[in-house]
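**Student:** My questions will all concern the structure given below.
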């Protein structure tokens with residue numbers, strides 16, 4: 798009878814552990830589904846398998862539309878070669894993960910800049926079954942960087958022109974004269 802009781806306790810413990818595991822899996826799925834960052838899983842061929850609503854919002858596709866696509870179909874052609882090198886290194890086990898910035902083409906045709914953190918999706922034996930990507934829309938940051946670079950270039954051109962126009966002295970002497978006249982006018 799004690800052997801039966803022991804077996805019964807072990808089975809009960811296994812059931813409890815399975816229940817805890819299922820609950821943890823549910824919590825993880827809920828967390829990923831409601832995350833503020835995009836999340837997508839792709840199969841080895843690049844086809845989308847799973848994604849959260851944030852990812853769908855970033856790329857402008859519904860989940861069932863994405864499941865009919867491979868991620869390469871969204872990737873900007875100019876970013877493909879570099880991304881392929883990183884992805885191949887991941888698949889070959891040469892790296893455990895990578896982070897890159899790429900452009901995706903949204904459903905409406907607009908470009909969106911993404912920061913992608915990518916890791917392999919492995920089965921219980923460690924075999925790679927695809928990729929897991931966490932995606933952040935960085936379009937505003939990229940646009941701000943581009944505006945700053947344009948402003949710096951314009952200021953550099955203005956400085957170069959003023960230096961050439963004023964005998965290598967730049968605008969400083971002229972600005973000094975304007976300031977002195979302005980101070981005289983204000984104090985009069």
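Numbering (my numbering), first residue to last: 798 to 985. Using N, Cα and C, we set each Cβ at its ideal position, and we do this for glycine too.
#1: If I follow the unbroken beta strand (DSSP E) through residue 930, where does it start and stop?
#2: Would you call residue 934 buried or exposed, if buried means 16 or more other Cβ atoms sit within 10 Å of its Cβ?
#3: The beta strand (DSSP E) spanning residue 900 covers which residue range?
#4: Here's the rule: buried if 16 or more other CB atoms are within 10 angstroms of the residue's CB, otherwise exposed. What is residue 974?
#5: Fully enclosed by the segment 865-894, which alpha helix (DSSP H) runs are 4 residues long or longer?
#6: Helix, strand or coil for residue 846, going by three-state DSSP, please let me know.
#7: From 801, 931, 958, pick the residue whose C-alpha is nearest to that of residue 895; which is it?
#8: Which residue or residues does DSSP assign as beta-bridge partners of residue 918?
#9: Name the one or two DSSP bridge partners that residue 837 has.
#10: Once you ignore the five residues that flank residue 929 on each side, which residues in its own chain have a CB closer than 6 Å to its CB?
#11: Who are residue 909's beta bridge partners in DSSP?
#12: Can you name, in chain order, every residue of its own chain whose Cβ lies under 7 Å from the Cβ of residue 867, other than the five neighbours on each side?
#13: What is the DSSP secondary structure of residue 981, reduced to helix, strand or coil?
#14: If you reduce the DSSP assignment to three classes, tell me which class residue 857 lands in.
#15: Using only the alpha-carbon positions, how far apart do residue 877 and residue 941 sit?
**Tutor:** A quick look at the data gives this:
#1: In the chain shown, the residue the question calls residue 930 occupies position 133. Here the beta strand (DSSP E) through residue 930 covers 925-934.
#2: Taking the first residue of the chain shown as position 1, residue 934 is located at position 137. Looking at its Cβ environment, which holds 16 or more other Cβ atoms inside 10 Å, residue 934 is buried.
#3: Against the chain shown, residue 900 aligns to sequence position 103. First-last of the beta strand (DSSP E) with residue 900: 895-902.
#4: In the chain shown, counting from the first residue as 1, residue 974 sits at position 177. Exposed.
#5: 877-888
#6: Your numbering for residue 846 matches position 49 in the chain shown. Of the three classes helix, strand and coil, the one that applies to residue 846 here is strand, per DSSP.
#7: Against the chain shown, residue 895 aligns to sequence position 98. Comparing C-alpha distances from residue 895 to each of 801, 931, 958 shows the shortest one belongs to 931.
#8: Translated into the one-based positions of the chain shown, residue 918 becomes position 121. Bridge partners of residue 918: 927.
#9: Indexing the chain shown from 1 puts residue 837 at position 40. DSSP output for residue 837 lists 848, 930 as bridge partner(s).
#10: Numbered from 1 along the chain shown, position 132 holds the residue referred to as residue 929. Closer than 6 Å at Cβ, skipping near neighbours: 838, 916, 918.
#11: Position 112 of the chain shown, counting from 1, holds the residue named residue 909. Residue 909 is bridged to 901.
#12: Taking the first residue of the chain shown as position 1, residue 867 is located at position 70. Closer than 7 Å at the Cβ level, and outside the excluded window around residue 867, lie 842, 843, 844.
#13: Mapped onto the chain shown, residue 981 falls at position 184. Helix, per DSSP.
#14: Position 60 of the chain shown, counting from 1, holds the residue named residue 857. Residue state, collapsed to three classes: coil.
#15: Your numbering for residue 877 matches position 80 in the chain shown. Your numbering for residue 941 matches position 144 in the chain shown. If you take the alpha carbons of residue 877 and residue 941, they lie about 24 Å apart.
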